[in-house]
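Counting from 134, one number per residue, gives the positions in the sequence shown under the working numbering.
Have a look at the structure below before the remarks.
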Amino acid sequence: MYAIQSPSGEPTWAAPFPAQRSTEHGQGFAVVDVETTGLGRTDRVISAGVYQLDAFGEVTDHWYTLVNPERDPGPTWIHGLTSRELAGAPTFPEIAAELGERLAGRVMVAHNALFDWNMISREYSRAGLRAPVEQRLCTMVLSRDLGLPLPNGKLASLAEYFGVQQRQAHNALDDARVLAEAFRPSLQLARQAGVPLPLTNCVAVTDLGEDASSPPRSGFSSSYRPSRKRPACPYPNPGRWVDGSPLVQGMRVAITGDTATDRELLEDRAIEAGLHIASSVSRLTSLLVTNEAGSWSGKARKARELGTPVVGEDAFLHLLREVVPHPGV
């Protein structure tokens, strides 16, 4: 039995019936996981796993490859891959066509899908190509929309809820398998309850934020940390944002969840406008930007606890058009 959320907001329970027969998703889904050298925009893919599912959530094929990033592999204690293991692996341009065949015409499904999409899209862009993905689906968002009583947004929690055994966490193929097995009942529940799938149109990353003339970085300290250190905001914090009023220079803005605009580009625009990008939410935070106000992220939960004002990405972009000068300037 699985929990779903009724229109009244109360959890109800339903048995896992077969998915409704529908051709709404064409060829189906590509459940994807990538392991990377780090989390920044200049980091690289070092392995990729793909499970192909038909429109009903049934597995039809799976595929896995290591990828030589031609640089330090980053946190080996997380993904377990060393420079020696990756040295003989193909580079991304050498696997781009094969990966593309498994993605083309399908909805890309991933846990924290924006991250996987950005990493894949950047790799294709470096190779002078475009990733053949038009839409993605984040299972973190789908789990929230279904009202699943999970303690957090981790893949391990989703797997435990559906009774899926993880064999090797942070192995791209096993993580893709686990997600594929958890996605099928999630898809069934969504169709039974009439919950729309949270599909997001994919915009290819073109601003890589890296100098092509520079040699590849090496060493964990330079590869795993964020690619750039943000400058300090020169304006003091004027306090919380008030609905209906403009943003003021110096306001502390936190961002969480999936955004259509590349996260670093969104942060760049805020900083250029004179705002402070906060890495967490506290009583000093002026505003939280999220398209998922009810999510399990730490920032969203803290914002709800503190009563921090929350706006969506579109509203924030509109507010950025007219940020007023700090009163002390």
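By construction, the Cβ of each residue, glycine as well, lies at the ideal position given by its N, Cα and C atoms.
Within 8 angstroms, strictly: CB atoms of V444 and L408: The count along the sequence shown starts at 1 and reaches residue 444 at position 311. The count along the sequence shown starts at 1 and reaches residue 408 at position 275. Not in contact: V444 and L408 (Cβ atoms no closer than 8 angstroms).
Rounded C-alpha distance that separates P442 from C335: Walking along the sequence shown from the start, residue 442 turns up at place 309. Walking along the sequence shown from the start, residue 335 turns up at place 202. Each residue's Cα considered, the two are about 28 angstroms apart.
Endpoints, beta strand (DSSP E) assigned at T169: On the sequence shown, position 36 is the one that residue 169 refers to. Segment 162 to 169, the beta strand (DSSP E) holding T169.
CB-CB length for T272 against S319, believed under 8 angstroms: Along the sequence shown, read from residue 1 onward, the residue named residue 272 stands at position 139. Along the sequence shown, read from residue 1 onward, the residue named residue 319 stands at position 186. Rounded, the Cβ-Cβ distance is 7 angstroms, consistent with contact.
8 angstroms Cβ cutoff met for V381 and V297: Translated into the one-based positions of the sequence shown, residue 381 becomes position 248. Translated into the one-based positions of the sequence shown, residue 297 becomes position 164. Result no, Cβ atoms of V381 and V297 do not sit closer than 8 angstroms.
Residues near E234 by beta carbon distance below 7 angstroms, same chain, minus five either side: Numbered from 1 along the sequence shown, position 101 holds the residue referred to as residue 234. Counting only residues of its own chain and dropping the five nearest sequence neighbours on each side, E234 has no CB closer than 7 angstroms to any other CB.
CB-CB length for A323 against L279, believed under 8 angstroms: Here residue 323 is taken as the residue at index 190 of the sequence shown, counted from 1. Here residue 279 is taken as the residue at index 146 of the sequence shown, counted from 1. That pair is a contact at about 6 angstroms.
4-residue-minimum alpha helix (DSSP H) runs that sit fully inside the region 210 to 278, ordered along the chain: 216 to 220, 225 to 236, 246 to 259
As assigned by DSSP and simplified to three states, the class of R385: Position 252 of the sequence shown holds residue 385. Strand.
Distance between P202 and P208 (C-alpha atoms, nearest Å): Stepping through the sequence shown from its first residue, residue 208 is reached at position 75. Stepping through the sequence shown from its first residue, residue 202 is reached at position 69. One alpha carbon belongs to P208, the other to P202, and they sit about 13 angstroms apart.
Extent of the continuous alpha helix (DSSP H) to which D447 belongs: In the sequence shown, counting from the first residue as 1, residue 447 sits at position 314. D447 -> alpha helix (DSSP H) spans 446 to 453.
Opening and closing residue of the beta strand (DSSP E) in which L291 lies: Position 158 of the sequence shown, counted from the first residue, corresponds to residue 291. Not the beta strand (DSSP E): L291 falls in the alpha helix (DSSP H), residues 288 to 294.
Rounded separation between T170 and A246 - CA only: Numbered from its first residue, the sequence shown carries residue 170 at position 37. Numbered from its first residue, the sequence shown carries residue 246 at position 113. Looking at the two C-alpha atoms, the distance is approximately 17 angstroms.
Inter-residue spacing [alpha-carbon to alpha-carbon] between N251 and H195: For the purposes of this step, residue 251 is taken as the residue at position 118 of the sequence shown. For the purposes of this step, residue 195 is taken as the residue at position 62 of the sequence shown. The alpha-carbon atoms of N251 and H195 are separated by roughly 21 angstroms.
I211, buried or exposed, once every other Cβ within 10 Å from all chains shown has been counted against 16: The residue you call residue 211 lines up with position 78 of the sequence shown. Flag for I211 reads exposed.
Bounding residues of the beta strand (DSSP E) (the contiguous stretch that carries L330): Working through the sequence shown from its first residue, we reach residue 330 at position 197. Unbroken run through L330: none, as it is neither H nor E.
Buried versus exposed, by CB contacts within 10 Å (16 or more), G461: Within the sequence shown, residue 461 is the residue found at index 328, counting from 1. It is exposed - the Cβ of G461 has fewer than 16 other Cβ atoms within 10 Å.
Beta-carbon proximity check, L439 vs R454, cutoff 8 angstroms: The count along the sequence shown starts at 1 and reaches residue 439 at position 306. The count along the sequence shown starts at 1 and reaches residue 454 at position 321. Result no, Cβ atoms of L439 and R454 do not sit closer than 8 angstroms.
Own chain residues within Cβ distance below 6 angstroms of T470, not counting five before or after: Since the first residue shown for the chain is 134 and the last is 462, residue 470 is missing from the structure and cannot be characterised.
Selection from A433, E425, V266, A315 that minimises the alpha carbon distance to V274: As a working mapping, residue 274 is identified with position 141 in the sequence shown. That would be E425, whose Cα lies nearest to the Cα of V274.
Given V338 as reference, the closest of R263, R385, V375 once Cα atoms are compared: In the sequence shown, counting from the first residue as 1, residue 338 sits at position 205. Nearest to V338 by alpha-carbon distance, out of R263, R385, V375, is R263.
Three or more C-beta pairs below 8 angstroms linking the region 300 to 311 and the region 368 to 385: no
DSSP three-state assignment for D308, whether helix, strand or coil: Indexing the sequence shown from 1 puts residue 308 at position 175. In this structure, D308 counts as helix in the three-state DSSP scheme.
Closest residue to L186 among A229, A243, E227 (Cα-Cα distance): Working through the sequence shown from its first residue, we reach residue 186 at position 53. In terms of CA proximity to L186, A243 leads the group A229, A243, E227.
Under the three-state DSSP convention, the category L186 falls into: Indexing the sequence shown from 1 puts residue 186 at position 53. Strand.
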